[in-house]
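K.L.:
If you want our numbering, it's the 1-based position in the sequence shown plus 53.
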Amino acid sequence: MERNRWYKDMVFYQIWPRSFKDGNGDGMGDLWGVLEKLDYIKSLGCDGIWFSPIYPSPGADCGYDIADYMDIAPEFGGMEAFKKVLEGVHQRGMKLIMDLVVNHTSDEHEWFQKSRKRIEPYTDYYIWRPAKPNGKLPNNWDSNFEGKAWTWDEERGEYYLHLFAVKQPDLNMDNPLVREEVKKILRFWLDMGVDGFREDVITYISKAEGLPDDHLFPIYKGMPKYNHGPHIHEYLAEFKRDVFDHYDCFTLAEAPLVWPKQALKYIDEEKGQIDMMIQFQCQCADCLFTDYLPTKFMLVRMKKAFSDWQKKLSGKAWNMLYMENHDHPRIISRYGSEKFREESGKSIAVSYLFQQGTPFLYQGQEIGMLNWKPEDAEMYEDVQTRYNYAHSNLKKSKEERLHKMWRSSRDSARTPVQWDSSENAGFTTGTPWFYVNPNYKEINVAAQEADPDSLLNFYRKAINLRKSLKAVRFGNYKEYYRLDNKLYVYSREYENQKILVVCSFSEKETKIRVPSGFDLEKAKIVLGNYENKEKTLKPYETRVYLWE
Ligand code: GLC
Ligand code: CA
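Here's what the structure looks like:
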């Protein structure tokens with residue numbers, strides 16, 4: 054049975070704070086900048102904000118390496134600015150969720166500093182192992198970012214496990230004291246009034262007993278031994294029982310490699326331990342598992358991913374929907390067309406906004422920002438990109454290697470938000486911490502505010518429409534022409550309301566396909582990106598038909 058929870062009626066906006074808006078002129082995005090833009094976010098129809106980490110951090114992974122979980126970094130404005138933002142969000146009837154990163158901490162966190170000195174009770178807060186007698190590493194796992202998953206610590210005289218960067222040691226969640234620390238963190242923020250958490254790679258927190266070698270996985274060796282590990286449901290249930298059940302909040306779990314059937318073990322509305330999951334399948338229509346193994350974009354793969362989740366969760370669980378976040382290159386550059394930027398941006402928007410779930414937008418998506426394409430690999434900041442570039446196929450030319458980075462780097466989507474056509478795209482009055490995409494003179498918020506047909510205003514219309522339709526909130530989902538690699542056609546139906554969504558993903562004109570039983574003569578087109586009623590769709594045309 055479906056439970057009615059407030060997040061089901063909402064649309065969220067993700068802020069990656071460093072690049073959102075600089076409020077004090079030091080070149081780095083911050084919470085003062087967010088304060089200035091709360092009305093803008095609300096004007097999109099977004100009623101919730103997810104903050105990527107804003108805690109004190111040395112910044113080895115842009116904040117996903119946390120040095121103090123119960124404070125806000127001074128460069129973002131500290132606790133004072135945060136409280137103002139939280140108040141501003143709530144005053145506008147919006148919600149705010151934080152990023153909870155507890156698979157690992159920064160190596161500069163006090164717990165790690167004490168753990169490496171074996172100061173109690175921190176000795177077993179992390180996953181330490183001695184060297185093997187033959188001098189080999191404790192096991193054969195790879196980190197997700199930088200080579201092997203083990204680094205030797207001179208001070209302790211042991212290896213520590215890090216599934217991500219060297220500066221991100223994994224916490225030992227099997228230690229009950231560590232789980233108590235997590236609960237303290239959760240209560241700290243919930244008591245302050247935050248409305249929930251996005252939980253970073255939370256499916257990694259329980260590692261297989263004995264940390265065995267992995268002989269299965271071709272990339273990220275070890276993943277089957279720590280993703281969805283033996284105690285994962287138990288630990289998540291413990292957090293729910295001891296903390297979340299006592300607050301009116303929600304949880305969103307990031308889950309690399311998860312399929313709907315397995316997801317139900319987490320998000321089933323009756324039995325699950327969390328509310329929604331970030332799945333990666335919708336991101337794999339142009340790659341194998343990860344952006345770093347790019348393939349040609351195949352619409353059928355995108356459709357299959359979306360449809361699978363829509364159908365298999367139906368009536369059992371509710372999930373989030375997204376096209377972009379801070380970990381993937383820009384969607385128009387991948388699934389759409391830079392040449393038909395506005396058109397394809399609109400078709401992409403419609404393709405996911407009318408499904409069942411809670412949609413998320415990533416900063417800049419609403420104006421159709423494109424991949425950043427530096428001319429030199431030295432310009433990359435991201436730890437994963439730097440490692441990948443250094444280890445990319447040296448037999449290939451520099452151009453080829455760079456092109457691959459443009460397509461796969463997380464930095465492609467981490468450049469400052471383009472607010473207007475003034476210097477530095479209006480992001481800062483100082484020197485920006487990172488490069489601004491040179492296309493900001495054409496692509497920016499101010500220009501699109503002034504144009505009623507812009508992508509920005511289209512997002513507003515689409516979100517508004519979505520919220521007004523019962524069929525989108527409650528209706529069943531049906532996909533048509535599964536094997537068509539140019540058109541995505543699906544319907545949603547609830548009581549006497551029915552919509553048909555048609556999205557072309559082709560640069561060419563394409564004949565519309567309409568399933569039987571849908572009489573277009575009796576329908577209204579309630580959203581579209583062309584003034585066109587003909588049977589032939591224009592490049593990347595999208596239409597939403599309504600019957601009621
Ligand atoms: C998640 C985050 C990503 C981060 C990683 C390690 O995948 O979204 O940005 O680098 O976890 O914390
Ligand atoms: Ca700043």
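Where is the CB? At the ideal position from N, CA and C, for every residue including glycine. Keep in mind the model is a prediction, meaning the values are calculated, not measured.
Enumerate, from N- to C-terminal direction, the unbroken beta strand (DSSP E) stretches of 3 or more residues contained entirely within the region 486–539.
P.N.:
529–533
K.L.:
What is the DSSP secondary structure of residue 253, reduced to helix, strand or coil?
P.N.:
coil
K.L.:
So, with DSSP's three-state summary, where would you put residue 425?
P.N.:
In the three-state reduction of the DSSP assignment, residue 425 falls in the coil class.
K.L.:
I need the straight-line Cα distance from residue 94 to residue 284, nearest angstrom please.
P.N.:
39 Å
K.L.:
Rounded to a whole number of angstroms, what is the C-alpha to C-alpha distance between residue 582 and residue 447?
P.N.:
44 Å
K.L.:
If you scan the region 244–294 from start to end, which runs of the beta strand (DSSP E) of 3 or more residues do you find wholly inside it?
P.N.:
249–252
K.L.:
Using only CA atoms, which one of 85, 99, 164, 564 lies nearest to residue 126?
P.N.:
85
K.L.:
Whose C-alpha, out of 589, 557, 598, is nearest the C-alpha of residue 546?
P.N.:
598
K.L.:
So does residue 484 have its beta carbon nearer than 8 Å to some heavy atom of ligand 2?
P.N.:
no
K.L.:
Consider the C-beta atom of residue 89 and the heavy atoms of ligand 2; say whether any pair is separated by less than 8 Å.
P.N.:
Distances from the CB of residue 89 to the heavy atoms of ligand 2 are all 8 Å or more.
K.L.:
Can you tell me which residues form a DSSP beta bridge with residue 303?
P.N.:
For residue 303, which the question treats as bridged, DSSP gives the partners 249.
K.L.:
Distance check for residue 172 and residue 262, CA to CA, integer angstroms please.
P.N.:
Rounded to whole angstroms, the separation of the alpha carbons of residue 172 and residue 262 is 25 Å.
K.L.:
What's the gap between the Cα of residue 266 and the Cα of residue 432?
P.N.:
36 Å
K.L.:
Helix, strand or coil: which one does DSSP assign to residue 439?
P.N.:
Helix, per DSSP.
K.L.:
Taking 9 Å as the threshold (C-beta atoms), are residue 595 and residue 404 in contact?
P.N.:
yes
K.L.:
Run the proximity test for residue 328: is its beta-carbon closer than 8 Å to any non-hydrogen atom belonging to ligand 2?
P.N.:
The answer is no for residue 328.
K.L.:
Should the region 446–463 be regarded as contacting the region 509–524, the criterion being three or more beta carbon pairs within less than 8 Å?
P.N.:
Touching, no.
K.L.:
Using a strict less-than 5 Å threshold between each residue's beta carbon and the heavy atoms of ligand 2, what residues do you get?
P.N.:
The filter returns 75, 77, 79, 81, 83, in chain order.
K.L.:
As an exercise, report each continuous beta strand (DSSP E) stretch of at least 3 residues that is fully enclosed by the region 295–357, in chain order.
P.N.:
303–307, 329–331, 343–347
K.L.:
I'd like to confirm something about residue 439: is its beta-carbon nearer than 8 Å to some heavy atom of ligand 1, or not?
P.N.:
Distance from the C-beta of residue 439 to the nearest heavy atom of ligand 1 is not below 8 Å.
K.L.:
Return helix, strand or coil for residue 447, following the three-state DSSP convention.
P.N.:
coil
K.L.:
Just list the residues that DSSP pairs residue 201 with in beta bridges.
P.N.:
195
K.L.:
Among all residues, which have a Cβ less than 5 Å from at least one non-hydrogen atom of ligand 1, and in what chain order do they fall?
P.N.:
With the cut-off at 5 Å, the residues found are 114, 117, 217, 253, 254, 380.
K.L.:
How would you call residue 301, buried or exposed, if buried means at least 16 neighbouring beta carbons within 10 angstroms?
P.N.:
exposed
K.L.:
Could you tell me whether the Cβ atoms of residue 305 and residue 389 are closer together than 9 Å?
P.N.:
no
K.L.:
Using beta-carbon positions only, say whether residue 360 and residue 535 come within less than 9 Å of one another.
P.N.:
yes
K.L.:
Who are the Cβ neighbours of residue 464 in its own chain at under 7 Å, not counting the five residues just before and after it?
P.N.:
425, 433, 434, 435, 438
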